[in-house]
Amino acid sequence: KKDVDGLHPYNVGRLFSGNPYHRSCTPAGIIELLDRYEIEIKGKEAVIVGRSILVGKPLALMLLERHATVTVCHTRTRNLSEVTKRAEILVAAAGSAEMIRGGMVRDGAVVIDVGTNRMENGKLLGDVAFDEVFEKAAYITPVPGGVGPMTIAMLLKNTLNAAKAATCEN
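Here the sequence shown is numbered in my numbering, starting from 888 and rising by one per residue.
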């Protein structure tokens, strides 16, 4: 109940059963972004590039709960561009700078860039080649300033909920 970042193995297990105390902050922030922009999830084909316990796996579960058809890929997925081109919702969370190029994205897709990659020159890049994908996407999150602030907002929400729960128990 005190795991406000939602990453403890016990809480991740509860996510699998559909009853977590707190949802993992970054995936919850992504769902909140989709909801706030009234982007329909139900029935959509969602592709997540990245299979981490921090983002990819919990986000896949959350999207499945919302009735999306979910494919989880990674940096070693064969023919990755063929898979990503099918995505109506594409989430890049592989930790590989600008690996998602314009030719890998379907016209009108919702593109969520979770990646934060610090280059040798100090520049921060996402997993999506923003300038290439911007022209094709219906929506796209920037790096920095896209998913990161939503992660912080969800951490604060989880902290508030934990405090309320602790107050009710006492």
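Virtual Cβ for every residue (Gly too), placed ideally from N, Cα, C. Predicted, not measured: the structure shown is a model, and the values here were computed from it.
- Under DSSP, V936 shares a beta bridge with C960, A979.
- Between S939 and the set A981, L950, E952, K972, the nearest pair of CA atoms involves A981.
- Inter-residue distance for I987 and H954 is about 25 Å (C-alpha atoms, whole angstroms).
- Boundaries of the alpha helix (DSSP H) harbouring V970: 967-971, taken from the DSSP string.
- Taking a C-beta distance under 8 Å as the contact criterion, G1002 and V1030 qualify as a contact pair.
- The three-state secondary structure of R910, taken from DSSP, is coil.
- Residue range 997-1000 is occupied by the beta strand (DSSP E) that includes V998.
- By the beta-carbon neighbour count (other beta carbons within 10 angstroms, threshold 16), G1033 is buried.
- Between Y1026 and I928, the CB-CB gap reaches or exceeds 8 Å.
- Secondary structure at V1015: strand, using DSSP grouped into helix, strand and coil.
- Within its own chain, no residue has a Cβ closer than 6 Å to the Cβ of L1047 once the five positions on either side in sequence are excluded.
- A Cβ-Cβ separation of about 6 Å places A996 in contact with A974 under the 8 Å criterion.
- Under a 10 Å Cβ-count criterion, K1010 is classified as exposed, with fewer than 16 other Cβ atoms of the shown protein chains found around its own Cβ.
- For I928, the three-state secondary structure derived from DSSP is coil.
- Selection V959, A1016, T962, D1000 evaluated against E985 yields A1016 as nearest (Cα-Cα).
- Nearest to L977 by C-alpha distance, out of K1051, N1008, Y924, T1028, is T1028.
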